[in-house]
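All remarks here apply to the structure that follows.
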Amino acid sequence: MGELRKPLLLLALLAIALVVGVELGASLLVGGGDAGGALRASAGDLGVDVGEVGRISEPSGRGTGHLALIDVVALWTTGLFCLSLVLPDRVQGRIQGVATLVFAVLLILAALVLLVTAFVELTVMVSLFLAPPFGTLAYLALWGFFPVGEASLLLGLVLLLKLVWAGLLIAAQPRFLQNKGLVLLALTTLLCTVLLEFLHRLAPVVVTSILDDVGAVVFAVVALIWAVVLLVGSIPAIVKAVRVTAALPTR
């Protein structure tokens, strides 16, 4: 790998690990605020009196959490680079293919489950929203008051950490830019983050939860594509490791 700056590579691993951690904790960091007043105002616009309502909370959304499905691929890839710092090439070559195969299979299963969950929730959202007045009111009570500001701050932090990760990788080894798969992965995760922020700002807040779930569905599909790429890419490494092992002399 040439003049590899190991501390910068380790910092890149830390940065992308923080990204995944923040995204997985998004449901705890975003949402939960009281939305009772907003519900009464929206119901009044529809000509329906709901009286006094309480315990109506802003949803945390799924979009940011589903970004982790993509960024865990970046974390895995960066981790493999760091693994070369502690393991000989011969040992790493033998375990990398099998480990990547297992990781890809687990990612496919997780992405499929989360894709189905997000799609079903999206279908319910749209069905309720398009069934006024009571279906729409039910939608408003559950998903009608998305915390756009909080989500924007969180996505800004995530985007900054991703840029730091990419910058540290380049600083650690400029030849990483020649790795087309890594460059494409970095562009994918950056574009998906910007896309989610765009979806959050695209329409009035009353339908932001729907657009957030659209983003979650898209991210699950993108993660599936990357998981398949990893799966296919692991096969030659496994075959090579098997051939090398078979060629070793036996005692």
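Residue numbers (my numbering): 545 to 795. Ideal placement from N, C-alpha and C gives every residue a C-beta, glycine not left out. Since the model is a prediction, treat every value here as computed from it, not as a measurement.
Cβ-Cβ distance between Leu557 and Gly607 below 8 angstroms: no
Three-state secondary structure assigned by DSSP to Ser604: coil
Residue of Pro780, Ile779, Val766 minimising C-alpha distance to Val617: Val766
Could you compute how far the alpha carbon of Ala570 sits from the alpha carbon of Leu674? 28 angstroms
Let me check understanding here. Comparing Cα to Cα, which of Ser628, Glu665, Leu703 lies closest to Leu755? Glu665
Is it buried or exposed, Arg745, if we count other Cβ atoms within 10 angstroms and call 16 or more buried? exposed
Is the Cβ-Cβ distance between Leu698 and Val574 less than 8 angstroms? yes
Inspect the CB distances between the segment 684-694 and the segment 545-555 and report whether three or more fall short of 8 angstroms. no
Please report the Cβ distance between Leu611 and Cys736, rounded to the nearest whole angstrom; I am assuming they are in contact, meaning their Cβ atoms lie under 8 angstroms. 6 angstroms
Counted within 10 angstroms of its Cβ, other Cβ atoms place Thr667 as buried (16 or more) or exposed: exposed
So which of Thr733, Val772, Val642, Gly605 has the shortest CA-CA distance to Ala654? Val772
Could you check how far apart the C-beta atoms of Leu774 and Ala648 are, in whole angstroms? I think they sit under 8 angstroms. 4 angstroms
Alpha carbon of Tyr683 to alpha carbon of Ala695, nearest angstrom: 20 angstroms
Could you please give the first and the last residue of the uninterrupted alpha helix (DSSP H) stretch that includes Leu562? 550-568
Grab the span of the alpha helix (DSSP H) containing Phe678 for me, first residue to last. 678-687
If Val564 and Leu619 are in contact, beta carbons under 8 angstroms, what's the gap, nearest whole angstrom? 5 angstroms
Helix, strand or coil for Leu731? Go by DSSP, reduced to three states. helix
How is Gln717 classed by DSSP in three states: helix, strand or coil? coil
Could you tell me how far apart the beta carbons of Ile614 and Thr752 are, in whole angstroms, since I believe they sit closer than 8 angstroms? Going by Cβ atoms, the distance from Ile614 to Thr752 rounds to 21 angstroms, so no, they are not a contact pair.
So, with DSSP's three-state summary, where would you put Glu547? coil
Given a cut-off of 8 angstroms on the beta-carbon distance, is the pair Ala715 and Leu552 in contact? yes
Tell me whether Ala710 is buried or exposed, calling it buried when 16 or more other Cβ atoms sit within 10 Å of its Cβ. buried
Just mark Phe678 as buried or exposed, buried being the case when its beta carbon has 16 or more other beta carbons within 10 Å. exposed
For Val738, does the three-state DSSP call read helix, strand or coil? helix
Coil, strand or helix - Pro691 by DSSP: coil
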